[in-house]
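Asker:
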Amino acid sequence: MANDYITKKLQPFGSSIFAEMTKMANDNNAINLSQGFPDFDGPEFIKKAACEAIMAGHNQYANTFGVPALRAAISAKYKKFYGLDYNPETEISILAGATEAIFTTITSIINEGDEVILFEPYYDSYPVSVTMAGGVCRYITLEFPDFKIDFEKLQKTINAKTRMIVLNTPHNPTGKVFTSDELETLGKIAKKHDLIIMSDEVYEHITFDGTKHIPTATIEGLRDRTITISSTGKTFSMTGWKIGTVCAPAKISAAVRTGHQYVIFAVANAFQHAMVKGFEAPDSFYKELLDFYAKKRDFMAKTLTDCGFKIVMPKGSYFIMADFTNFGFDNDVEFCKYLTSEIKVAAIPPTSFYYNKKYGEKLVRFAFCKKEETLAMAAVRLSGLVKKPVSAGAAR
Ligand SMILES: Cc1ncc(COP(=O)(O)O)c(C=O)c1O
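The opening position of the sequence shown corresponds to residue 4 in this note's numbering, with each subsequent residue numbered one higher.
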């Protein structure tokens, strides 16, 4: 029965698929390759810095826009990696993870009736945030297996009410990393129609095969209309600390900061001080992160291919999308239930990332941000999947 305490805006969304699948994994004693959190700890030097920050007395409310030393460190990072200049006083803010950054950005900028373009599959909090703001979502599908943007469709979808395009690169769940050509074409469209771009780049430091992450704000003419969101949770394997970053021109930052003051006010003080140390990590840290995840990606890709999944090799992020049609299930939810309860491996049914569900019905998302032994055990269990025999009729 519907819960009428939930507002009409929130009713369509129900509980998060991540919470649901993690619960199902626990209830079934399954290996959890559903939710995108590492099953290993973040670096010792950052943990030690957190203990020191607590003992040094950083235990009261932090500066509402973020600890100044952390904002300065983030400014230096954007300059060093991408040549982007952000003023830490006015253009960089620390929010409670990318999740708060997404929600606060959208609810601070989108008015009732404004339209927001979302590419599907999308991160599940985008449509919720747009809807809570009173905005209207417009969807453009990135279709398996190449996940290309249909620019013609995008042009046709834009109208006088369109205010924002939401982009996610590297992309969860497909592993796509948007190319400079794609970003330039998108940028031309955004400029032509005077649109804001919210660019979710939480996996910016996880790309493979020499693929370079291109921040949307580095595309000519886009810095002044782009809000870049990132998360220390992904880069430093500390998802539980919920430290997210928002970089945007001063006027847009002021809007986001206004919302943030009334949602969270300030992010955990000691953890922000500790994260300053994270940003002091040498270049070798980022290289090791890539090698570390590349091995896991390769292992998981081989496991899935050997079992009979059709996969798209991810260029970034720590997810793989796979087609399960060889196993003969009707839809992704049914397949994931079977996978969790019988094979004892939990994964995400990705229709929860689509408005046009038919595009995700034969797909499943696996997270490979897990220990070697977790992935090895999952491989043993997944080898128990049995391919559906091709019928005589189909074979002919
Ligand atoms: C694309 C994307 N954006 C945002 C988030 C949320 O990040 P955080 O944990 O910092 O709130 C995630 C987490 O999985 C994500 O995959």
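Built from N, CA and C at the ideal position, the CB exists for glycine as well.
Closest to I97 by C-alpha separation, out of K299, I267, K390, would be which residue?
Answerer: Nearest C-alpha to I97: I267.
Asker: Per DSSP, which one or two residues make a beta bridge with M324?
Answerer: In DSSP, M324 forms a bridge with R368.
Asker: Report all residues from its chain with a CB closer than 8 angstroms to the CB of A397; omit the five preceding and five following residues, and keep chain order.
Answerer: Because the pLDDT of A397 is 44, which lies under 50, any placement of that residue in the model is unreliable, and the number read from its coordinates should be weighed accordingly. Here the set comprises nothing.
Asker: If you drop the 5 nearest sequence neighbours on each side, which residues of the same chain put their C-beta closer than 6 angstroms to that of R384?
Answerer: Hits under 6 angstroms: I346, K347, V348.
Asker: Under 9 angstroms between the Cβ atoms of A382 and F330?
Answerer: Cβ distance not < 9 angstroms, so A382 and F330 don't count as in contact.
Asker: Provide the residue(s) that pair with F122 in DSSP beta bridges, ordered along the chain.
Answerer: DSSP output for F122 lists I143 as bridge partner(s).
Asker: Taking the alpha helix (DSSP H) that G190 belongs to, which residues open and close that run?
Answerer: Where G190 is concerned, the enclosing alpha helix (DSSP H) stretches over 183-195.
Asker: Just to confirm, are K194 and L225 a CB contact at a threshold of 9 angstroms?
Answerer: It is a contact, given that the beta carbons lie within the stated cut-off.
Asker: For K374 and A163, what's the separation of their Cα atoms in angstroms?
Answerer: The straight-line gap from Cα to Cα measures roughly 49 angstroms.
Asker: Does T261 pass the burial test, meaning 16 or more other C-beta atoms within 10 Å, or should it be called exposed?
Answerer: Exposed, by the Cβ-count rule.
Asker: Any heavy atom of ligand 1 closer than 8 angstroms to the Cβ of A350?
Answerer: Because no heavy atom of ligand 1 lies under 8 angstroms away, the Cβ of A350 does not count as near it: no.
Asker: Mind checking whether H263 and S111 have CB atoms under 9 angstroms apart?
Answerer: Yes, Cβ-Cβ distance for H263 and S111 is below 9 angstroms.
Asker: Going by other Cβ atoms of all chains shown within 10 Å of its Cβ, with 16 needed for buried, is V205 buried or exposed?
Answerer: Label assigned to V205: buried.
Asker: Tell me the rounded alpha-carbon separation between K365 and G311.
Answerer: Each residue's Cα considered, the two are about 13 angstroms apart.
Asker: Please work out which residues of its chain come closer than 6 angstroms, Cβ to Cβ, to A52, disregarding the five sequence neighbours upstream and downstream, and give them in chain order.
Answerer: Cβ within range, chain order: A277, K280.
Asker: Does the Cβ-Cβ distance between I168 and I209 come in under 9 angstroms?
Answerer: Not in contact: I168 and I209 (Cβ atoms no closer than 9 angstroms).
Asker: Tell me the rounded alpha-carbon separation between N6 and S18.
Answerer: Computed Cα separation, rounded: 12 angstroms.
Asker: Just the C-alpha distance for I246 and V389, rounded to the nearest angstrom, thanks.
Answerer: Roughly 42 angstroms separates the two Cα atoms.
Asker: Rounded C-beta distance between N66 and A269? I'm assuming under 8 angstroms.
Answerer: Yes, N66 and A269 are in contact; Cβ-Cβ is about 7 angstroms, under 8 angstroms.
Asker: Compute every distance between the C-beta of D42 and the non-hydrogen atoms of ligand 1, then say whether any falls below 8 angstroms.
Answerer: False, no ligand heavy atom lies under 8 angstroms from that Cβ.
Asker: Per DSSP, which one or two residues make a beta bridge with G247?
Answerer: Paired residues: L98, S234.
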